[in-house]
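Colleague: Let me begin by handing over the structure; questions about it come next.
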Amino acid sequence: MAVNPVIGRRLLMACAVLVSAVVLTLTIGVIPLVRDGVFTSIDAGDAVPAFRIAQGVHLLVALVFALMAALWKPSRALSTPGLVVMGVVVLLLGGVLADATLAFGEAGISARTVTLLLVACVAADAFAGVLTITTAFLRANTASGSLTGASGGRTGAVG
Numbered sequence: 330m331a332v333n334p335v336i337g338r339r340l341l342m343a344c345a346v347l348v349s350a351v352v353l354t355l356t357i358g359v360i361p362l363v364r365d366g367v368f369t370s371i372d373a374g375d376a377v378p379a380f381r382i383a384q385g386v387h388l389l390v391a392l393v394f395a396l397m398a399a400l401w402k403p404s405r406a407l408s409t410p411g412l413v414v415m416g417v418v419v420l421l422l423g424g425v426l427a428d429a430t431l432a433f434g435e436a437g438i439s440a441r442t443v444t445l446l447l448v449a450c451v452a453a454d455a456f457a458g459v460l461t462i463t464t465a466f467l468r469a470n471t472a473s474g475s476l477t478g479a480s481g482g483r484t485g486a487v488g
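Throughout the sequence shown, residue numbering follows the numbering used here, covering 330 to 488 in sequence.
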């Protein structure tokens, strides 16, 4: 059973949409709250530039996902390792936001909204990373000819 190239494109576009949602959440929700917010037990002054950097890296990753979806071809062997690397990068970006989530989570009730928005961003990053690695797995198996092995799905069956 070969995977249709359209499915690969759709999976990568879904990843681009998820990472773009993180960019929008950081832009519309997190950064204004951190910049304007008064937190009782955390100095959020250094957090805004860090969130801006995370926002820029997420935007770059979303653009790369969209470009990979547009240029998707089953015959390209270099895309499979590239997809795995992109998946790991997205998971690492989620880890960075998870660290910020823990920091704001310890700030108490005054940072509850920021914490919840960052949890949503971490979840979107984790889902996009796993989806990217799954796409790489599907791509690797499509390039070899089937998802179940070279025997066409039969493993030791006689007749």
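Every residue, glycine too, gets a C-beta built ideally from N, C-alpha and C. Note that the coordinates shown come from a computational prediction; the quantities given were computed from them, not determined experimentally.
Take residue 347 and list the residues in its own chain whose beta-carbon comes closer than 7 Å to its own, dropping the five residues that flank it on each side.
Modeller: Closer than 7 Å at Cβ, skipping near neighbours: 453, 456, 457.
Colleague: If you draw a straight line from the C-alpha of residue 361 to the C-alpha of residue 355, how long is it?
Modeller: Near 9 Å, if we compare the C-alpha coordinates of residue 355 and residue 361.
Colleague: For residue 345 and residue 380, what's the separation of their Cα atoms in angstroms?
Modeller: 19 Å
Colleague: Where residue 368 and residue 445 are concerned, what is the direct C-alpha to C-alpha distance, given to the nearest angstrom?
Modeller: Distance between residue 368 and residue 445, taken at the CA atoms: about 15 Å.
Colleague: Please name the residue in 442, 342, 424, 414 whose C-alpha comes closest to that of residue 357.
Modeller: 442
Colleague: Within the same chain, show all residues whose beta-carbon is closer than 7 Å to that of residue 430, passing over the 5 residues directly before and after it, in chain order.
Modeller: 444, 447, 448, 451
Colleague: Nearest to residue 398 by alpha carbon, out of 333, 341, 459?
Modeller: 341
Colleague: Tell me the residue span of the alpha helix (DSSP H) that contains residue 355.
Modeller: Unbroken run through residue 355: none, as it is neither H nor E.
Colleague: Residue 423: beta carbon under 8 Å from a heavy atom of the ligand COA?
Modeller: No copy of the ligand COA occurs in the structure displayed, which carries no ligand at all.
Colleague: Taking residue 425 as the reference, give the member of 411, 392, 336, 386 with the closest Cα.
Modeller: 386
Colleague: If you measure between the beta carbons of residue 432 and residue 371, is that distance less than 9 Å?
Modeller: yes
Colleague: State the Cα-Cα distance for the pair residue 402 and residue 350, rounded to the nearest angstrom.
Modeller: 26 Å
Colleague: May I have the straight-line CA-CA distance separating residue 417 from residue 427, to the nearest angstrom?
Modeller: Rounded to whole angstroms, residue 417 to residue 427 spans 15 Å at the Cα level.
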